[in-house]
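The structure appears right after this line, and notes come after that.
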Amino acid sequence: AYPTEIREYLFKVLVLGDSGVGKTSIIKRYVHNIFSMNYKSTIGVDFALKVVQWSPDTVVRMQLWDIAGQERFGNMTRVYYKEAVAALVVYDVTRPKTFEAVAKWKSDLDSKVSLPPGLGGGSIPTILLANKMDLHEDHSPGLNAEEMEKFCDEHGFLKWFGTSAKDNNNIEDAVTFLLEDILATE
Ligand code: GDP
Ligand code: MG
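See the structure below:
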C-alpha cells in the first residue's frame, strides 16, 4: 500500500505580554519540557520550533516567537507580527499590572496583524494565559471565571487558561485548543 498524503503546516505563533510574566518559561516548557527559575532575558527575538504530529496524516510545525526583552520598550514592530496566524497573551496572576497590560498587548496585536482577506480579515485567533497559577492566592485579580469570560468576550480572546510553567499545568491544553482553532480555518 502507498502511504497517504501527508499534510504539513507551518504556523507562526506569537507569545506576548509584559516582562517577567513567564513567556520564555511557557515556551521552554511546551517545546522542551523544562523549567528554570532564571532564563537570561536576551535582547532580540527568539524562536522555538515545536513539531506536532496532529493526526496520522497531519504534521504541524509551530514556530513560537518569543519577544525576548523587547517587551520593555512597549509595543513591537510590524516585522515581528508579520504573517503570524495566532497568538498567546500572557500575564502573571501575582502582578495586577501585568493583567492591566493585557488589553494593550491585544490592541497592539490587532492593529498590526489580521487574518488574510480570504479568511475574513478579522483578528488572528488569540488566547489569554493567566500564568503562575501555582503562586495564586484567592485575592489575586482577574480570576473570577465569569469576569474572565466577559473580559475575553470584550477583548476578542477565544478563551483563557490558568497555567503554570513551573508545574507544567494546562500549557499543552491551551496550545492544543489554539491549534484546533487554526486548523479549523485551514
Ligand atoms: P518572560 O520575561 O515573560 O519571558 O518571563 P520568564 O519566562 O523569564 O519568567 C520570569 C520569572 O518567572 C522566572 O524566574 C521564571 O522562573 C518565573 N516563572 C515563569 N513561569 C512561572 C510559573 O508558572 N510559576 C512560577 N512560580 N514561576 C514562574
Ligand atoms: Mg523572556
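Quick note: the sequence shown uses full-length UniProt numbering, first residue 4, plus one each step. Virtual Cβ for every residue (Gly too), placed ideally from N, Cα, C. None of the values given here were measured: they were computed from a predicted structure.
Secondary structure note for K31: it is in no beta strand (DSSP E), and the uninterrupted alpha helix (DSSP H) holding it is K26 to H35. Counting C-beta pairs closer than 8 Å gives three or more between the segment 11-23 and the segment 91-103, which meets the contact rule. Ranked by how close their Cα comes to the Cα of T179, the residues M65, W108, I37 and S110 have M65 in first place.
Listed as beta-bridge partners of R64 by DSSP are L13 and V54. Distance from the Cα of D137 is smallest, within the candidate group V82, F160, G165 and M151, for G165. One Cα belongs to D60, the other to M79, and the distance between them is close to 36 Å. Shortest gap from the CB of K31 to any heavy atom of the ligand MG: 7 Å or more. Remark: the shortest separation between the CB of A168 and any heavy atom of the ligand GDP falls under 7 Å. Contact between Y33 and E175 holds: CB atoms are separated by about 7 Å, below the 8 Å threshold. Relative to the ligand GDP, the beta carbon of V16 is positioned no closer than 7 Å to any heavy atom. In the displayed model, I174 falls within a helix according to three-state DSSP.
For F164, the three-state secondary structure derived from DSSP is strand. Cβ-Cβ distances below 6 Å link L17 to W68, A87 and A90 in the same chain, with the five nearest sequence neighbours on each side left out; the list follows chain order. The closest CA to that of D170, considering only I185, S117 and N36, is found on N36.
For G165, the shortest C-beta to heavy atom distance toward the ligand GDP is 7 Å or greater.
In this structure, DSSP gives T101 a helical state, which the three-state scheme calls helix.
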